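Notes for the one structure printed next.
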Amino acid sequence: MTPAADVESARAVRLGEFYSSMRHGTAVPCSRTLPKSGWLYRMPRRYWAVLIFVPLIFLASLLTYLTWFAYTAEELRDREQSVSFDLSTYSPSYLINQANVCSIFSGNKWPAEGATGPALSILLYVHSRPGHFARRTFLRQAWLHPRFADGENYSIRSVFIVGKAHDPSGSIQKKLQEESTQYHDLIQGDFVDVYENLTIKEAAALAWADTHCSSASFVVKADDDTIIKPWALTETIRRHFDVQDIIRQPAFLCKVYRYEEPHRNPRKKYFTPRSQYAQDVFPVHCGGALRITTSSTVSLLLQSFVKAPYLWLENVFFTGVVAKLIGASHSHEDYLLRDTDDFSIGYAYFTRRHSPWVALHAHNLKLVRQIWTDIMANTPEHFQDGLDKRLPQQHDKEDNE
1 MTPAADVESA RAVRLGEFYS SMRHGTAVPC SRTLPKSGWL YRMPRRYWAV
51 LIFVPLIFLA SLLTYLTWFA YTAEELRDRE QSVSFDLSTY SPSYLINQAN
101 VCSIFSGNKW PAEGATGPAL SILLYVHSRP GHFARRTFLR QAWLHPRFAD
151 GENYSIRSVF IVGKAHDPSG SIQKKLQEES TQYHDLIQGD FVDVYENLTI
201 KEAAALAWAD THCSSASFVV KADDDTIIKP WALTETIRRH FDVQDIIRQP
251 AFLCKVYRYE EPHRNPRKKY FTPRSQYAQD VFPVHCGGAL RITTSSTVSL
301 LLQSFVKAPY LWLENVFFTG VVAKLIGASH SHEDYLLRDT DDFSIGYAYF
351 TRRHSPWVAL HAHNLKLVRQ IWTDIMANTP EHFQDGLDKR LPQQHDKEDN
401 E
C-alpha cells in the first residue's frame, strides 16, 4: 500500500470514529484538540453544554436581578419620599367645584320611612386624570349618560375627580375649565395628580362627597377605565343593603382582598415602604377600581383618617387601615367586578342580556368602546329613546399619559 493510501485509510478510520462517537455520545481521541488524560477528555460531549450554558444562565439571571429587582439605598429613599405625606395637616381645597350636583337628593333619603319601594339615591364619583378628555367624553355617552341618571326607584348623580396636571403652558387647565362649564360634573382638587397621590385624591373626593352630597344614601367609587351597567349596580345595592345596614354600622361592598402582602421593591408599581406599613400582611380591604359604601361610612372615614399612619395606596388605606379603626365590615360580591386580565373566556358572558356582572375593569379605551357597543346590542331594553348609540371616536392618545 502506498503512503498516500495509508494516509487516506487513517483519515477514514478517524472519520468513522468521529461519527460513531456522535451517535453514541463517547469521546473522540484527538491529540490535536484534547489531552489524552484528565476528566475533560473522559467526559462525553453531551455534558459539555452543561459546562458552557449553566454559567451563562447564571450570569443572565444575576444581571436581570441587578437590573430589575435590586435597588440602592438612594433609590429606596427617593421612592419612600415620593409616597410620603402628612394627612393630619391636609385640608382639601378645590380649583373647580360643583356644589349643586346632589340637590335633587334633598329630602329623598333611602330608605324612606314606611316606603314599600324605596328610591335609591347614589353618588358615583370617578377617579380620572386631567388629560383624560377623550375617556370622560366617552363615559358621558355610555354608562354615565343622563338616560341612566334617573330610573325606577333610583337616582344617580356622577362627578369626575381630578387633580392638577404638569401643565407649563396652561392648556390642560384651560380645557378643564371649558369642560366644567359645559358639563358641570368635574371636581378638581388642589393637588398634583400623580399615582403616588392617590390617597390625597381619595381624601379630596370623600371630603367633597361629605360636604356637597351627604344627602345621597350610597356612595360609589370607580375608575375611569371601568365599565358599569347602571341597572345591575342598583340591583346589587338593593340586594346587599337594607335598613339595618344603613343604621347599624359602616360597611363596604366590593371585591374583598384578604392576606395580601405589601410589595417591598421600589421598582414595583404598588411599592409600600416599611416606614409606611411595617406589617407583613395588609388588613382586609377592597379593590381599588370599584366599591360601594354608605354616606354615613364616608363621614366616619373622614373623622378617623387623620388618626391613621399615612399609606399612599388609597384603597388599602381607607377601606383597610381606616376601616379597621371605625369597625367597618366588608362584603364580597363575586359578580361586582371583573378584570380584562382574566376576561378572554367570559367576554360574551359579561355582555349578554342577563349577565349578573356589574362592572368590568378594562385598561384600553378602544376595548371599552367595543364592549359597551356589545352591551347596547345585547340589552336593547336599556337603550331606548334619548341615548345616542353613535359613540364618539376620538383618538386615544390623550389617555396614554
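As numbered in the UniProt record's numbering, the sequence shown has no gaps in its residue numbers, which increase by one up to the final residue, 401. Virtual Cβ for every residue (Gly too), placed ideally from N, Cα, C. Please read these numbers as outputs of a predicted model, since none were measured by experiment.
Note down the Cα distance separating residue i from residue j, rounded to an integer number of angstroms.
i                 : j                 : result
alanine 308       : cysteine 254      : 22 Å
histidine 382     : phenylalanine 133 : 26 Å
leucine 336       : tryptophan 357    : 6 Å
proline 146       : phenylalanine 105 : 16 Å
alanine 112       : valine 321        : Below a pLDDT of 50, predicted positions are generally treated as unreliable, and alanine 112, at 47, falls in that range; the measurement from the model is reported next regardless. Distance between the alpha carbons of alanine 112 and valine 321 is about 32 Å.
glutamate 152     : isoleucine 227    : 21 Å
glutamine 98      : histidine 212     : 8 Å
aspartate 225     : glutamate 314     : 17 Å
aspartate 190     : phenylalanine 305 : 19 Å
histidine 395     : arginine 129      : Here the model assigns histidine 395 a pLDDT of 46, short of 50, so the residue's position is not dependable and the matter cannot be decided.
tryptophan 110    : tyrosine 154      : Bear in mind that a pLDDT of 47 at tryptophan 110, under 50, signals an unreliable position, so the model cannot answer this.
histidine 127     : histidine 184     : 16 Å
phenylalanine 252 : alanine 232       : 17 Å
arginine 32       : isoleucine 52     : Residue placement at arginine 32 is poorly supported in this model, since its pLDDT is 49, which falls under 50; the coordinates are not used for a value here.
tyrosine 257      : histidine 332     : 9 Å
asparagine 378    : glutamine 182     : 31 Å
alanine 142       : leucine 206       : 25 Å
residue 409       : alanine 278       : Look at the range of the chain in this structure, 1 to 401, and you will see that residue 409 is not part of it.
alanine 115       : aspartate 223     : At alanine 115, the pLDDT of 44 sits below 50, so the modelled position is not reliable; the number obtained from the coordinates is stated separately. Answer to the nearest angstrom: the Cα atoms are 33 Å apart.
phenylalanine 318 : leucine 301       : 7 Å
alanine 348       : glutamine 370     : 12 Å
aspartate 334     : glutamine 303     : 30 Å
histidine 363     : arginine 136      : 14 Å
asparagine 265    : serine 299        : 34 Å
alanine 209       : tyrosine 270      : 27 Å
valine 284        : valine 316        : 8 Å
arginine 338      : phenylalanine 350 : 9 Å
lysine 164        : leucine 186       : 13 Å
leucine 273       : histidine 263     : Position check: residue 273 holds proline in this sequence, whereas leucine was assumed. Distance between the alpha carbons of proline 273 and histidine 263 is about 8 Å.
serine 275        : aspartate 374     : 47 Å
glycine 170       : tyrosine 90       : 25 Å
isoleucine 194    : aspartate 86      : Here residue 194 turns out to be valine, not isoleucine, going by the sequence shown. Their Cα atoms are separated by approximately 17 Å.
alanine 70        : alanine 204       : Only weak support is given to the placement of alanine 70: the predicted model assigns it a pLDDT of 49, under 50, and the value that follows is read from those uncertain coordinates. Looking at the two C-alpha atoms, the distance is approximately 35 Å.
Going by DSSP, what residues sit across from residue i in a beta bridge?
i                 : result
phenylalanine 383 : DSSP, once it has assigned bridges, lists no residue as partnering phenylalanine 383.
isoleucine 187    : Ile161
aspartate 150     : Ser155
phenylalanine 218 : Ile122, Thr294
aspartate 223     : His127
histidine 263     : Phe271
valine 54         : BP columns for valine 54 are empty, so no partner.
valine 192        : Lys164
Which first and last residues belong to the beta strand (DSSP E) in which residue i is found?
i                 : result
threonine 294     : 285–294
tyrosine 347      : It is not in any beta strand (DSSP E) - tyrosine 347 instead sits in the alpha helix (DSSP H) that spans 347–351.
alanine 359       : 359–361
histidine 330     : 329–332
leucine 325       : Premise fails: leucine 325 lies in the alpha helix (DSSP H), 323–326, not in any beta strand (DSSP E).
phenylalanine 252 : 251–257
isoleucine 96     : 94–96
Between which two residues does the alpha helix (DSSP H) containing residue i stretch?
i                 : result
phenylalanine 133 : 133–141
serine 171        : 171–183
valine 368        : 365–378
alanine 278       : Careful: alanine 278 lies outside any alpha helix (DSSP H) and carries neither H nor E.
glutamine 127     : Inspection of the sequence shows that residue 127 is occupied by histidine rather than by glutamine. Segment 120–127 is the beta strand (DSSP E) holding histidine 127; no alpha helix (DSSP H) there.
arginine 338      : Arginine 338 -> not in any alpha helix (DSSP H); beta strand (DSSP E) instead, spanning 337–339.
proline 210       : Note that residue 210 is aspartate in the sequence shown here, rather than proline. 198–212 is the extent of the alpha helix (DSSP H) around aspartate 210.
isoleucine 228    : Segment 226–228 is the beta strand (DSSP E) holding isoleucine 228; no alpha helix (DSSP H) there.
- Task: Could you tell me whether the region 290–310 touches the region 206–223, where touching means 3 or more Cβ pairs closer than 8 Å?
- Result: Yes: the two stretches touch, three or more of their Cβ pairs being nearer than 8 Å.
- Counting pairs of beta carbons, one from the region 135–152 and one from the region 166–175, are three or more of them closer than 8 Å? no
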